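Asker:
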Amino acid sequence: MGGRGRTVEAELAQLAARAHGWSRVGSCWRQGTRAQIDGRVGKGALIVVHRGLYRVGHTAPSLEARYLAAVRACGAGAVLSGRAAARLLGLLQGPAPAQEVTTRGERRVAGVRTRRCRRLHRRETTLWRGVPVTSAARTLVDLAAVLDAEDLARACHEAGVRHHTTPKQVEAILARRPNTPGATKLRAVLRGEVKVTLSKLEAVFLQRLSSAGLPLPQTNRPAGGRRVDCRWPKHKLTVELDSYRYHNSRHAWEQDRRRERQARARGDEFRRYTYGDVLESPRLMIGELRALLRPPSLGRSSRSRAPRRRSSRRRS
């Protein structure tokens with residue numbers, strides 16, 4: 004019995020390892036009788052969290068484990084959504100929000116906030132770190148109802164960087180859900196109408212410009228179909244700020260080069276500045292920008308007067 008007990012424990016642990024430490028009652032019963040399962044619950048080897056859902060062992064559950072438990076407790080087709088989905092996807096930072104799950108039917112689970120959605124488009128869901136969750140684009144649509152414009156703009160920025168989410172993808176969901184609360188605010192964010200500093204690098208860059216008496220740019224505005232970090236339309240200048248966090252993947256590298264080509268195609272000068280340029284040795288950068296942002300010279304009028312021609316006739 005002792006050897007069999009150890010085998011059951013090992014099999015339960017192996018099952019749970021594939022699901023962030025969780026096991027359903029059916030899986031447990033396949034590894035032992037009801038009495039054996041009850042015995043393990045009594046000893047604390049299995050911990051009942053939701054009806055029919057156990058946590059294996061005493062290890063404190065991770066964020067993914069807690070969110071997965073809530074989704075599984077809500078039945079087939081359920082997905083993590085709202086602020087909880089945004090936290091899991093990295094669109095929001097800070098303390099983990101409470102479990103929030105979207106279900107296809109009526110469902111009430113203790114400790115879990117549920118919302119019903121009869122038709123959840125397949126493109127609006129994904130699997131992230133083993134947890135069924137709304138896609139980044141759909142999560143932004145849900146966040147529009149509960150976040151202010153600045154926080155929503157930051158979430159949109161993170162969605163673009165982390166999940167390559169585009170305004171077109173978000174607009175497609177809004178088209179299917181025309182009565183979404185906060186849709187007007189979200190569209191304003193997508194158009195770049197909400198002024199917000201998205202990173203420390205951008206904040207310091209703007210401070211450097213202000214201290215040097217240089218004109219401030221439009222920030223995070225669409226240009227040529229894509230967002231650019233900074234642009235001075237009157238001076239025909241585009242600047243991209245490169246931090247390692249957002250530009251360390253092949254996709255980011257290719258996107259950066261595409262932005263540069265598009266800037267030059269619309270007639271802009273293009274510059275790229277790194278964390279070191281902005282925070283550590285800004286003198287060279289400021290000198291270059293001072294020359295590029297110099298007020299346009301009036302020069303001479305193209306319609307300057309022509310010199311008078313002397314008459315070839317002599318006075319009589």
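Each number in the numbering used here corresponds to the 1-based position in the sequence shown with 3 added. C-beta atoms are modelled at their ideal positions from N, C-alpha and C, and glycine is treated no differently. All values derive from a computational prediction rather than experimental measurement.
By Cβ distance, which residues of its chain are closer than 7 Å to valine 115, with the 5 residues on each side in sequence left out?
Answerer: Locating residue 115 in the sequence shown gives position 112, where the first residue counts as 1. For valine 115, where only same-chain residues beyond five positions count, the Cβ hits under 7 Å are Ala73, Ala76, Cys77, Gln102 and Val104.
Asker: How many whole angstroms separate the CB atoms of histidine 238 and leucine 295, which I take to be in contact at a CB cut-off of 8 Å?
Answerer: Within the sequence shown, the letter at position 235 stands for residue 238. Within the sequence shown, the letter at position 292 stands for residue 295. Correct: roughly 7 Å between the Cβ atoms.
Asker: Please report the Cβ distance between leucine 91 and arginine 125, rounded to the nearest whole angstrom; I am assuming they are in contact, meaning their Cβ atoms lie under 8 Å.
Answerer: The sequence position of residue 91 within the sequence shown is 88, counting from 1. The sequence position of residue 125 within the sequence shown is 122, counting from 1. Actually they are not in contact, since the Cβ atoms of leucine 91 and arginine 125 sit about 19 Å apart, beyond 8 Å.
Asker: For the alpha helix (DSSP H) that arginine 126 lies in, which residues bound it at each end?
Answerer: Indexing the sequence shown from 1 puts residue 126 at position 123. Element bounds for arginine 126: n/a, residue is neither H nor E.
Asker: Which same chain residues end up closer than 8 Å to alanine 156 when comparing Cβ atoms and leaving out the 5 residues on each side of it in sequence?
Answerer: Locating residue 156 in the sequence shown gives position 153, counting from the first residue. Answer for alanine 156: Val192, Val197, Val199, Leu201 and Asn223, listed in chain order.
Asker: Look at the Cβ atom of alanine 140, then the Cβ atom of alanine 158, and state whether they are nearer than 9 Å.
Answerer: Counted from its first residue, the sequence shown places residue 140 at position 137. Counted from its first residue, the sequence shown places residue 158 at position 155. A distance of 9 Å or more separates the beta carbons of alanine 140 and alanine 158.
Asker: By the three-class DSSP mapping on this structure, what secondary structure does proline 226 have?
Answerer: Stepping through the sequence shown from its first residue, residue 226 is reached at position 223. The sequence given here places alanine at residue 226; proline does not occur at that position. Of the three classes helix, strand and coil, the one that applies to alanine 226 here is strand, per DSSP.
Asker: Does the separation of the CB atoms of leucine 150 and valine 173 fall below 9 Å?
Answerer: For this step, residue 150 is matched to residue 147 along the sequence shown. For this step, residue 173 is matched to residue 170 along the sequence shown. Against a cut-off of 9 Å, the Cβ pair of valine 173 and leucine 150 comes out as no contact.
Asker: Kindly provide the ranges of any alpha helix (DSSP H) runs that are 4 or more residues long and lie completely inside the region 103 to 163, ordered along the chain.
Answerer: Fully enclosed alpha helix (DSSP H) runs of 4 or longer: 139 to 146.
Asker: Count the other CB atoms within 10 Å of the CB of histidine 160; is the residue buried (16 or more) or exposed (fewer)?
Answerer: By 1-based counting over the sequence shown, the position of residue 160 is 157. The residue in question, histidine 160, is buried, as its Cβ has 16 or more Cβ neighbours within 10 Å.
Asker: Within this structure, are the beta carbons of arginine 118 and alanine 79 separated by less than 9 Å?
Answerer: Position 115 of the sequence shown, counting from 1, holds the residue named residue 118. Position 76 of the sequence shown, counting from 1, holds the residue named residue 79. For arginine 118 and alanine 79, no; Cβs fall outside 9 Å.
Asker: First and last residue of the beta strand (DSSP E) that includes leucine 240?
Answerer: Within the sequence shown, the letter at position 237 stands for residue 240. Counting along the chain, the unbroken beta strand (DSSP E) around leucine 240 starts and ends at 240 to 245.
Asker: Out of Ala226, Pro100 and Ala268, state which residue places its alpha-carbon closest to the alpha-carbon of leucine 146.
Answerer: Position 143 of the sequence shown, counted from the first residue, corresponds to residue 146. Of the candidates Ala226, Pro100 and Ala268, Pro100 places its Cα closest to the Cα of leucine 146.
Asker: Would you report the Cα separation of valine 207 and valine 242, rounded to the nearest angstrom?
Answerer: Numbered from 1 along the sequence shown, position 204 holds the residue referred to as residue 207. Numbered from 1 along the sequence shown, position 239 holds the residue referred to as residue 242. Rounded to whole angstroms, valine 207 to valine 242 spans 14 Å at the Cα level.
Asker: Between Leu94, Pro225 and Leu204, which has its C-alpha nearest arginine 269's C-alpha?
Answerer: The count along the sequence shown starts at 1 and reaches residue 269 at position 266. Answer by Cα proximity: Pro225.
Asker: Name the DSSP bridge partner or partners of valine 82?
Answerer: Mapped onto the sequence shown, residue 82 falls at position 79. DSSP, once it has assigned bridges, lists Thr105 as partnering valine 82.
Asker: Express the C-alpha separation of leucine 123 and valine 28 in angstroms, rounding to a whole number.
Answerer: Position 25 of the sequence shown, counted from the first residue, corresponds to residue 28. Position 120 of the sequence shown, counted from the first residue, corresponds to residue 123. With a pLDDT of 44 at valine 28, under the threshold of 50, the predicted position of this residue should be treated as unreliable, and no value is reported.
Asker: Quick one: is serine 138 buried, meaning 16 or more other Cβ sit within 10 Å of its Cβ, or exposed?
Answerer: Walking along the sequence shown from the start, residue 138 turns up at place 135. So serine 138 counts as buried.
Asker: Shortest alpha-carbon distance to proline 218 belongs to which of Gly85, Val82, Pro298 and Pro285?
Answerer: Taking the sequence shown and counting its residues from 1, one reaches residue 218 at position 215. Among Gly85, Val82, Pro298 and Pro285, the Cα nearest to that of proline 218 belongs to Pro298.
Asker: When you compare only the Cα positions, how much space is there between glutamine 210 and cysteine 120?
Answerer: Taking the first residue of the sequence shown as 1, we reach residue 210 at position 207. Taking the first residue of the sequence shown as 1, we reach residue 120 at position 117. Going from the Cα of glutamine 210 to the Cα of cysteine 120 covers about 46 Å.
Asker: So for threonine 277, helix, strand or coil by DSSP?
Answerer: Sequence index remark: in the sequence shown, residue 277 carries index 274 (1-based). Threonine 277 falls in the strand class under three-state DSSP.
Asker: Just mark leucine 212 as buried or exposed, buried being the case when its beta carbon has 16 or more other beta carbons within 10 Å.
Answerer: Within the sequence shown, the letter at position 209 stands for residue 212. That one is buried.
Asker: Can you find the residues in the same chain that come closer than 8 Å, C-beta to C-beta, to valine 281, ignoring five residues on each side of it along the sequence?
Answerer: Taking the first residue of the sequence shown as 1, we reach residue 281 at position 278. Once the five neighbours on either side are set aside, the close Cβ partners of valine 281 are Leu204, Val207, Phe208, Arg211, Leu244 and Met288.
Asker: Got a sec, what are the start and stop residues for the alpha helix (DSSP H) arginine 293 sits in?
Answerer: Taking the sequence shown and counting its residues from 1, one reaches residue 293 at position 290. First-last of the alpha helix (DSSP H) with arginine 293: 286 to 295.
Asker: State the Cα-Cα distance for the pair aspartate 271 and arginine 165, rounded to the nearest angstrom.
Answerer: As a position in the sequence shown, residue 271 is number 268, starting the count at 1. As a position in the sequence shown, residue 165 is number 162, starting the count at 1. Straight-line Cα distance between these residues: approximately 27 Å.
Asker: So, helix, strand or coil for glycine 96, using DSSP?
Answerer: Against the sequence shown, residue 96 aligns to sequence position 93. Here residue 96 is glutamine; the residue named in the question, glycine, does not match the sequence. It is coil, neither helix nor strand.
Asker: Applying the criterion that 16 or more other CB atoms from any shown protein chain within 10 Å of the CB defines a buried residue, is alanine 20 buried or exposed?
Answerer: Mapped onto the sequence shown, residue 20 falls at position 17. With a pLDDT of 48 at alanine 20, under the threshold of 50, the modelled position of this residue cannot be trusted, and the question is left open.
Asker: Please determine, among Leu240, Thr277 and Thr183, the residue with the shortest C-alpha to C-alpha distance to glutamine 265.
Answerer: Against the sequence shown, residue 265 aligns to sequence position 262. Here the closest residue by C-alpha is Leu240.
Asker: Quick one: what's glutamine 221 bridged to in DSSP?
Answerer: For the purposes of this step, residue 221 is taken as the residue at position 218 of the sequence shown. The partner list for glutamine 221 (beta bridge, DSSP) reads Arg234.
Asker: Give a yes or no on whether the C-beta atoms belonging to threonine 275 and glutamate 257 are separated by under 9 Å.
Answerer: For this step, residue 275 is matched to residue 272 along the sequence shown. For this step, residue 257 is matched to residue 254 along the sequence shown. Contrary to the premise, residue 275 reads as arginine rather than threonine in this sequence. No, Cβ-Cβ distance for arginine 275 and glutamate 257 is not below 9 Å.
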